[in-house]
Amino acid sequence: MTPVVVLTGFMGSGKSTVGQELSRSLGVEFVDTDLELEHRAGRTIAEIFADDGEKQFRTLELETVRDVLADSGGIVSLGGGSVTVPAIRDALVGHHVVYLEISADDGFARVAGTDRPLLAAADPAKRYAELLDARRDIYRAVATHTVDATDAVERLVATIIDALPDSGGYAATTGEQA
Ligand code: S3P
75 MTPVVVLTGF
85 MGSGKSTVGQ
95 ELSRSLGVEF
105 VDTDLELEHR
115 AGRTIAEIFA
125 DDGEKQFRTL
135 ELETVRDVLA
145 DSGGIVSLGG
155 GSVTVPAIRD
165 ALVGHHVVYL
175 EISADDGFAR
185 VAGTDRPLLA
195 AADPAKRYAE
205 LLDARRDIYR
215 AVATHTVDAT
225 DAVERLVATI
235 IDALPDSGGY
245 AATTGEQA
C-alpha cells in the first residue's frame, strides 16, 4: 500500500487537524506517526526525549515512519522534525508529500504552552523561529505540493484533494470512481 497523502510541516502547522479532516473526506484511515511511535514505545514523546534524548527519538521515528509508509493506504501525518532525518527524506521519495507552510509568528501562537520538548528553552518563541528557519528549505525540498497552513481547514482539505496527483491511489483505496 501507499499513502494517499503524507503531511509534513513544522509544529503547529495543523498536520493532525487537517489530516483527520482529509481522511474523513476521502474515507481513508488517518495515521499520526507521533501517536503511532508513542503507542509502540509505551511512552510519550516528552518522556522519550527526557529519558533517552533526541537521537534515540529520531531512531524510533525512522522505524515508525518507514513502517507506516509501507503499511498505510490513507493519510499520514509526520512529526515536525522527521524530515531532518536523511533516511526519512529518502523514504519519502515517490510519495505525495504536502507541506503545510506557516510563519514563525502564526505557528508559535498555536503551540505556545504545549508540551513540545524542543521548545523547552528560555525563549521558546525565538527557538521556534530558529528551528523553522533551519528547516524551511528541507520541507520545501521534500514536498511535492505546498499549501498555506493558515487557510481554514475545510479550504485546505479541498485544496489538497484538488491537488492529488491522480485519483488512482484514492480510487484504489476507496473503490470509488475516479
Ligand atoms: C518535533 C515535532 C513534534 C514531535 C517531537 C519533535 C520536531 O511533532 O515529533 O516533539 O522536531 O519538530 P509535531 O510536529 O506533531 O508537534
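Heads up: take any position in the sequence shown, counting from 1, add 74, and you land on our numbering. From the three backbone atoms N, C-alpha and C, an ideal C-beta is built for every residue, glycine too. Fair warning: this is a prediction, and the values are worked out from it, not measured in the lab.
Task: Best match in V78, I235, R98 and S87 for proximity to A178 [C-alpha to C-alpha] - done: S87
Open item on the list: Given this structure, state the Cα-to-Cα distance separating T220 from A237, to the nearest angstrom.
Closed with: 10 Å
Task: At least three beta-carbon pairs within less than 8 Å, the stretch 98-106 to the stretch 136-151 - done: yes
- [ ] Could you check if H113 is buried or exposed, using at least 16 other CB atoms within 10 Å of its CB as the buried criterion?
- [x] exposed
- [ ] Run the CB neighbour count on T82, radius 10 Å, all protein chains shown included, and call it buried at 16 or more, exposed below.
- [x] buried
TODO: Could you pull out every residue in the same chain whose Cβ sits closer than 7 Å to the Cβ of R163, ignoring the five residues on either side in sequence?
DONE: V157 and V216
Open item on the list: By DSSP's criteria, Y173 is part of a beta bridge. Which residues make up the other side?
Closed with: T82 and T220
TODO: List the endpoints of the continuous beta strand (DSSP E) containing S146.
DONE: Here S146 belongs to no beta strand (DSSP E), and DSSP marks it neither H nor E.
Open item on the list: For R184 and L193, which I take to be in contact (beta-carbon distance under 8 Å), what is that distance rounded to the nearest angstrom?
Closed with: So it is not a contact: roughly 12 Å between Cβ atoms.
Task: H170 versus P198 - alpha carbon distance - done: 32 Å
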